[in-house]
Amino acid sequence: ILPVSKDLQKAMQNFGIRNKFEVVGNVVDTDMFIPSPKPNDSGEINLIHISHLNNDQKNISLLLKAFAEALKSYLRCRLHIIHDGDLNAYSQEISELGIEDKIVSHGTLDTSEVAEILQKSDFFLLSSNYENLPCVLIESLSCGVPVVSTNVGGISEIINAENGILVDPNQLPALVNALKQMMTTFNQYDKKKLHAMAEDNFSYPAIGKKFSLIYENTLKTPSAHV
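Be aware that the sequence shown starts at 528, since it is given in the numbering used here, and climbs by one per residue.
Structure representation (structure tokens):
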């Protein structure tokens, strides 16, 4: 059984599933998701969020509130949202928070378009109540983009102090503080190092090698021929 995270493996085992497990992570095209050769010289900090906008899981309301609070200290910021959900469902909240002119909705994009916008972003923001191991976080790292995220699911298996900031879920003050911290430190992260981490662990060759070894070992096991 090949879960994409240790967290998912533990959940399956707690559910009563008994078998041999080996974690094989999600795969990302690290030839497409690459750091931008040009630094952000727009004078604005560009945050990015990518999801289906389901509030029960992604906690978009918390994300918007945290962004609005951080804006009070850092006015020159924009939140770019790539989504296949209904951002209009949050129109009232966005209006009440007074951040209409700070939200850039990109709607649904293809993979190359997502990579292009990620390359122009300064850091990724995720405020989920629960997750497994989101591909978008690996794509961000592959683009050299650090991450601010809630510490849920298998996220802590890839996000650490070297590539981002983790906070407890559904904690507005903690998320606001993390945003403010990242707004002053995002330029200190080594983009090439972040990309190398993604390439070493989640590229097509890296994940393909893991699958190949598993298949080869399975074929060598006598019970596999029964």
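Positions of the beta carbon are idealized from the N, C-alpha and C atoms, including for glycine.
DSSP beta-bridge partners of residue i
{"i": "Cys604", "result": "Ile572"}
{"i": "His610", "result": "Ser578"}
Secondary structure of residue i, DSSP reduced to three states
{"i": "Phe650", "result": "strand"}
{"i": "Ser588", "result": "helix"}
{"i": "Gly735", "result": "helix"}
{"i": "Ser632", "result": "strand"}
{"i": "Val641", "result": "helix"}
{"i": "Phe729", "result": "helix"}
{"i": "Lys747", "result": "helix"}
{"i": "Leu535", "result": "helix"}
{"i": "Glu549", "result": "coil"}
{"i": "Phe754", "result": "Beyond the ends of the chain as shown, which are 528 and 753, falls residue 754; an answer cannot be given."}
{"i": "Asn714", "result": "helix"}
{"i": "Asn615", "result": "helix"}
{"i": "His752", "result": "In this prediction, His752 scores a pLDDT of 48, lower than 50, which makes its location untrustworthy; no coordinate-derived value is stated."}
{"i": "Lys719", "result": "helix"}
{"i": "Phe542", "result": "coil"}
{"i": "Tyr742", "result": "helix"}
{"i": "Ile621", "result": "helix"}
{"i": "Glu658", "result": "coil"}
Beta carbon of residue i nearer than 9 Å to that of residue j
{"i": "Leu624", "j": "Lys585", "result": "no"}
{"i": "Val641", "j": "Ile577", "result": "yes"}
{"i": "Ile608", "j": "Ile575", "result": "yes"}
{"i": "Val550", "j": "Leu529", "result": "yes"}
{"i": "Val694", "j": "Ser655", "result": "no"}
{"i": "Pro661", "j": "Ile644", "result": "no"}
{"i": "Ser669", "j": "Ile692", "result": "no"}
{"i": "Leu706", "j": "Phe548", "result": "no"}
{"i": "Leu589", "j": "Leu699", "result": "yes"}
{"i": "Ile621", "j": "Leu598", "result": "no"}
{"i": "Phe729", "j": "Asn553", "result": "yes"}
{"i": "Ala616", "j": "Leu580", "result": "yes"}
{"i": "Glu684", "j": "Lys533", "result": "yes"}
{"i": "Pro673", "j": "Met709", "result": "yes"}
{"i": "Ser563", "j": "Gln646", "result": "yes"}
{"i": "Asn687", "j": "Leu535", "result": "no"}
{"i": "Met559", "j": "Thr638", "result": "yes"}
{"i": "Tyr742", "j": "Thr557", "result": "no"}
Point to revise | Sequence ranges, beta strand (DSSP E) only - wholly within the stretch 661 to 712, length at least 3 | key: 674 to 677 and 691 to 694
Exercise for review: Examine the Cβ distances between the stretch 715 to 731 and the stretch 610 to 628 and report whether three or more of them are shorter than 8 Å.
Suggested key: no
Check your understanding: So does the stretch 616 to 635 actually touch the stretch 534 to 549, counting three or more Cβ pairs closer than 8 Å?
Key -> no
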